[in-house]
Each structure stands twice: as C-alpha cells, then as structure tokens.
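Visitor: Starting off with a structure, shown below.
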Amino acid sequence: MSSEADTPKITLHWLEKSRAQRILWLLEEIGVPYEIKTYKRDPETHLADPALKAVHPLGKSPVVTIGDLALAESAMIVEYLSEHFGPSLIPTKWKSGCDDKVGGETAEYMRYRFYMHYCEGSLMALLLISLVSNNIKSAPVPFFIRPVTSQISGKIRKGYLDPNFETHFTFLEEQLASAPDGGPYLCGSTLTGADMMLSFPIMVVTSGLGDRGPANMTKETFPKLFAYAETLKKSESYKRAVDKIVALNGEYMII
1 MSSEADTPKI TLHWLEKSRA QRILWLLEEI GVPYEIKTYK RDPETHLADP ALKAVHPLGK
61 SPVVTIGDLA LAESAMIVEY LSEHFGPSLI PTKWKSGCDD KVGGETAEYM RYRFYMHYCE
121 GSLMALLLIS LVSNNIKSAP VPFFIRPVTS QISGKIRKGY LDPNFETHFT FLEEQLASAP
181 DGGPYLCGST LTGADMMLSF PIMVVTSGLG DRGPANMTKE TFPKLFAYAE TLKKSESYKR
241 AVDKIVALNG EYMII
C-alpha cells in the first residue's frame, strides 16, 4: 500500500446503474485516497451523461483519472490499480522454482487471468444481449406489432440465450466447486480482482433483477453461485462502497 502523501490524486467517474460500482469497491479495498464524480443517465434514453466524453473520448463509465492519466475499461482499471496499490489482490504468479517457465504459473494465477478477460469478453456479452432482447419485447409499439416483437425476443431467448446461460452458469458453479483451497472465491481462499470483476454479472443474475439470466437461476439449482454472491456482499469494503454511493446518490441500484 502507498501512503497518502505519495499517492497521486485518484478520481473515479461513477455512472449510476453501471459497472463502475466494482471499481469503487476496489478503491475501498486497497485503501487509497480518492474522490468520486457522479453522473446520471438520461431518464428517457438511459444513455450515459455526455459530460463523460470530456473525461474519455468513448464517454463510458467506469473511468479513473490519476493526474493526466485516464484509465478506461474495467479489467484494465482493476489490473492497473491492483498492480500499483493492491498487489494482494493478484495471486502469486509462479509455482516454486518455475519462474518464467511456460506452464509454471499457479492455478490461482491462471484462474485470475482467465476471469479478468472472461467477465467482459464472454459473460457480460450475454447479459447485454439479454438486455437488448428484453427491450425489444417491452418496446412501446402499437398493439398489433407487439406479437412480432415478443416473438423476436422469444426466439433470441430460446435459441441463443437460454442454452448459453445454461453453459456459462453451470461452468461457474463447477468452478466454484473446484476452487483452489476450497474457495470460497473463484481463485482460492482470498479475494482477488477477478472476484470484483465477476461481482457485477453474478449479483445481477442472483438478485432477481428482471429477466437477465437463466430461467432456472435459483438457490436450489446454483447453490454455490448464490453463496458466492452473498460472500462478496459481506466484504466490509463492499459494504463501504455501497454506503458511499447511498450517501452521494440517495440510493444504490445494481442496474
């Protein structure tokens, strides 16, 4: 950990109902001084505040600024901040005596690297397609068009989303069951940046927030996933992050 005196000013540009909350959790966990700038979504389009484009050309959240440095993309932010301020969130890389050898990495580290990319590259893509499909189904169209939009949404759900949800969440359930040292985290017995990355999609689908995950997403079907979500929520740094947003924003909503 760095002292406050030698830590540059860190600012989290936080957009409501976004994946920025896990970055706030990270900042609370690593214990560095920071400030938050909050942004609201457009109440009609639900798009991000255009003011974010002044921070980063893509106009998305989360973005972290450190002096003149602007960091975008959640995984990059988590990796960068962990490397500089929270190395305990990165598993030991090499097995004893295997430094710099191909295949010499620990199981914990290989899981960490996989999940840092898997979260946004595979899992979040499914949830975003699910969101688009739900929006098609609930779009404000004339009543005689509604059967068409419902049919389109239903075909996307049945033909693509449901089988992929089953594959991914069964995989995650099995990964938790086989976690190093018995878990309870995906990479073993300690919290890592990969858990923070996975927290958003896991909490969305286990919180019953609309039709965002598999139809059979229940504690009975995926007991380890639900237990994992509760373990993450019990983290003191996670609780502090939620409390901070409630204080600033009046409420906290995952989506």
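Sequential numbering from 1 applies to the sequence shown in the UniProt record's numbering.
Backbone N, C-alpha and C define an ideal beta-carbon position, used for all residues, glycine too.
1. So, does the segment 222 to 231 touch the segment 177 to 187, judging by three or more C-beta pairs under 8 Å?
2. For Ala215 and Tyr118, I'd like the C-alpha separation in whole angstroms.
3. Take Met203 and list the residues in its own chain whose beta-carbon comes closer than 6 Å to its own, dropping the five residues that flank it on each side.
4. With DSSP collapsed to three states, give me the class of Ala194.
5. Pick out whichever of Ile66, Leu126, Leu24 and Leu89 has its Cα sitting closest to the Cα of Pro201.
6. Under 8 Å by Cβ, that's how I've got Ile36 and Leu12 pegged, so tell me the actual separation to the nearest angstrom.
7. Figure out for me which residue from Phe169, Pro87 and Leu26 has the closest Cα to the Cα of Leu232.
8. For Leu198, which residues of its own chain have a beta-carbon under 7 Å away from its beta-carbon, when the five flanking residues on both sides are left out?
9. Count the other C-beta atoms from every protein chain shown that fall within 10 angstroms of the C-beta of Phe165, then say buried if there are 16 or more, exposed otherwise.
10. Please return the same chain residues whose Cβ sits closer than 8 Å to the Cβ of Val246, not counting the five positions on each side in sequence.
11. Which term fits Arg19, buried or exposed, when burial requires 16 or more other beta carbons within 10 angstroms of its beta carbon?
12. Indicate the three-state DSSP secondary structure (helix, strand or coil) for Leu176 in the structure shown.
13. Please look up how many angstroms separate the CB atoms of Lys49 and Leu15, rounded, as I've assumed it's under 8 Å.
14. Does DSSP classify Leu69 as helix, strand or coil?
15. Could you tell me the alpha carbon to alpha carbon distance between Arg22 and Ala241, rounded to whole angstroms?
16. Identify the continuous alpha helix (DSSP H) that holds Glu79 and give its terminal residues.
17. Would you kindly check if the distance between the Cβ of Glu28 and the Cβ of Lys219 is under 9 Å?
18. What does the Cβ neighbour count give for Glu236, buried or exposed, with the cut at 16 atoms within 10 Å?
19. Determine which residues share a DSSP beta bridge with residue 311 and list them.
Guide: Considering the structure as presented:
1. yes
2. Reading the sequence shown from its first residue, position 215 is the one you call residue 215. Reading the sequence shown from its first residue, position 118 is the one you call residue 118. Rounded to whole angstroms, Ala215 to Tyr118 spans 22 Å at the Cα level.
3. Your numbering for residue 203 matches position 203 in the sequence shown. Cβ within range, chain order: Ala229 and Ile254.
4. Reading the sequence shown from its first residue, position 194 is the one you call residue 194. Three-state result, Ala194: helix.
5. The sequence position of residue 201 within the sequence shown is 201, counting from 1. Looking at the Cα atoms, Leu126 is the closest of the given residues.
6. In the sequence shown, residue 36 corresponds to position 36, counting from 1. In the sequence shown, residue 12 corresponds to position 12, counting from 1. Rounded, the Cβ-Cβ distance is 5 Å, consistent with contact.
7. Within the sequence shown, residue 232 is the residue found at index 232, counting from 1. It is Leu26.
8. Within the sequence shown, the letter at position 198 stands for residue 198. Cβ neighbours of Leu198 beyond the five flanking positions: Tyr115, Cys119 and Leu186.
9. Taking the sequence shown and counting its residues from 1, one reaches residue 165 at position 165. So Phe165 ends up on the buried side.
10. Residue mapping note: residue 246 aligns to position 246 of the sequence shown, counting from 1. Closer than 8 Å at the Cβ level, and outside the excluded window around Val246, lie Tyr252.
11. The residue given as residue 19 occupies position 19 in the sequence shown. Under this definition Arg19 is a buried residue.
12. As a working mapping, residue 176 is identified with position 176 in the sequence shown. Note: Leu176 maps to helix in three-state DSSP.
13. If you number the sequence shown from 1, residue 49 lands on position 49. If you number the sequence shown from 1, residue 15 lands on position 15. According to the sequence provided, residue 49 is Asp. The question's Lys does not apply to it. About 7 Å separates the two Cβ atoms, so the contact holds.
14. As a first step, residue 69 is located in the sequence shown; it is residue number 69 there, counting from the start. It is a strand residue.
15. Position 22 of the sequence shown holds residue 22. Position 241 of the sequence shown holds residue 241. Going from the Cα of Arg22 to the Cα of Ala241 covers about 8 Å.
16. Here residue 79 refers to the residue found at position 79 of the sequence shown. Here the alpha helix (DSSP H) through Glu79 covers Ser74 to Phe85.
17. Taking the first residue of the sequence shown as 1, we reach residue 219 at position 219. Taking the first residue of the sequence shown as 1, we reach residue 28 at position 28. The answer is no: Cβ separation not under 9 Å.
18. On the sequence shown, residue 236 is found 236 positions in, with the first residue counted as 1. Glu236 is exposed by the Cβ-count criterion.
19. Nothing can be reported for residue 311: it is not among the residues displayed for the chain, which extend from 1 to 255.
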